[in-house]
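Using our numbering, the first residue of the sequence shown is number 40, and each one after it goes up by one. Just so it is clear, CB atoms sit at the ideal spot from N, CA and C, and this is done for glycine as well. Encoded as C-alpha cells, the structure appears first; notes follow it.
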Amino acid sequence: MSPIQHLACACGRFALDVEGAPIARVECCCDSCREAGARMARLAGAPRVLNEHGGTGFVMQRKDRVAFVAGAEHLKQFRLAADSGTRRVLATCCNTPVFLEFKGGHWLSLYAGLWRDGALPPLEMRTMTGDLADPSALPDDVPNHRRQSLRFFAKLMQAWIAMGLRVPKIEVAGDLRL
40 MSPIQHLACA CGRFALDVEG APIARVECCC DSCREAGARM ARLAGAPRVL NEHGGTGFVM
100 QRKDRVAFVA GAEHLKQFRL AADSGTRRVL ATCCNTPVFL EFKGGHWLSL YAGLWRDGAL
160 PPLEMRTMTG DLADPSALPD DVPNHRRQSL RFFAKLMQAW IAMGLRVPKI EVAGDLRL
C-alpha cells in the first residue's frame with residue numbers, strides 16, 4: 040500500500056488524507072462534468088477544473104481510504120438537477136472542488152486540482168469523449184474512450200470487492216445552489 044498523501048483546499052482550511060494507490064486517474068469529458076465545471080468557475084476565487092479540451096481530471100479513490108482531517112464543516116454539495124444521481128462537493132472556504140460522488144458508489148472521484156505539482160498520479164484514460172463536439176482533437180497520449188470502458192468498470196469492481204462490497208456514507212455540511 041502506498042503511503043498517506045495529505046491534500047488540502049487552496050486556502051488550507053480543509054484537508055484530507057488519502058491512503059493507498061488510487062483506483063484510477065481519469066479525465067472525464069461528459070456533458071455533466073463540463074456543465075459543473077462551468078458553474079463552479081463562476082464562484083469567487085474558484086480554481087479552474089476544466090482543461091483546454093473540456094475534460095475534468097479526477098483521481099478515483101476508495102471511500103474507505105479517504106479521511107477528512109480538518110475543516111469538514113466547509114464542505115457543501117450541489118447537484119446539476121434536483122433528481123441527479125451525482126453530487127459535487129466543494130470546500131466553501133475558498134470554493135475548491137473536492138470530489139464528485141455517484142449515488143451508491145463505493146469510491147470518490149477526487150478533483151485532480153487537490154494534488155500539488157508533481158504529486159498527481161499519471162493519467163490513465165479519458166472517458167465519455169463521445170460527448171465532445173470533436174473528440175478527434177484530443178491528444179492520443181492515453182486511451183480516449185467514447186463511454187466508460189470495460190477496464191474502467193473492472194477497476195471499480197476490483198476495488199469494491201477489496202472493500203467487502205461496502206458503500207461508506209460521506210456526510211457534508213450542507214447544500215449549495217449553483
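For residue i, the three-state DSSP class (helix, strand or coil)
{"i": "R127", "result": "strand"}
{"i": "M196", "result": "helix"}
{"i": "A47", "result": "strand"}
{"i": "D170", "result": "helix"}
{"i": "L189", "result": "helix"}
{"i": "R64", "result": "strand"}
{"i": "R165", "result": "strand"}
{"i": "A176", "result": "helix"}
Best match in the options for proximity to residue i [C-alpha to C-alpha]
{"i": "F191", "options": "C67, R81 and M202", "result": "C67"}
{"i": "D214", "options": "Q197, P207 and L114", "result": "L114"}
{"i": "D56", "options": "V128, I200, V211 and A109", "result": "A109"}
{"i": "R104", "options": "L46, A80 and C50", "result": "L46"}
{"i": "T131", "options": "Q44, I43, A212 and P174", "result": "A212"}
Span of the alpha helix (DSSP H) around residue i
{"i": "M156", "result": "Checking the sequence, you will find Asp at residue 156 rather than Met. From DSSP, D156 is part of no alpha helix (DSSP H); its letter is neither H nor E."}
Run of the beta strand (DSSP E) containing residue i, from where it starts to where it stops
{"i": "E112", "result": "From DSSP, E112 is part of no beta strand (DSSP E); its letter is neither H nor E."}
{"i": "R78", "result": "Here R78 belongs to no beta strand (DSSP E); instead the alpha helix (DSSP H) covers D70 to A80."}
{"i": "A100", "result": "Checking the displayed sequence, the identity of residue 100 turns out to be Gln instead of Ala. First-last of the beta strand (DSSP E) with Q100: T95 to R101."}
Straight-line gap, residue i to residue j (C-alpha atoms, nearest Å)
{"i": "A54", "j": "N183", "result": "32 Å"}
{"i": "S71", "j": "D122", "result": "13 Å"}
{"i": "L171", "j": "P136", "result": "22 Å"}
{"i": "G144", "j": "R101", "result": "9 Å"}
Status (buried if at least 16 other CB within 10 Å, exposed otherwise) for residue i
{"i": "Q197", "result": "exposed"}
{"i": "K208", "result": "exposed"}
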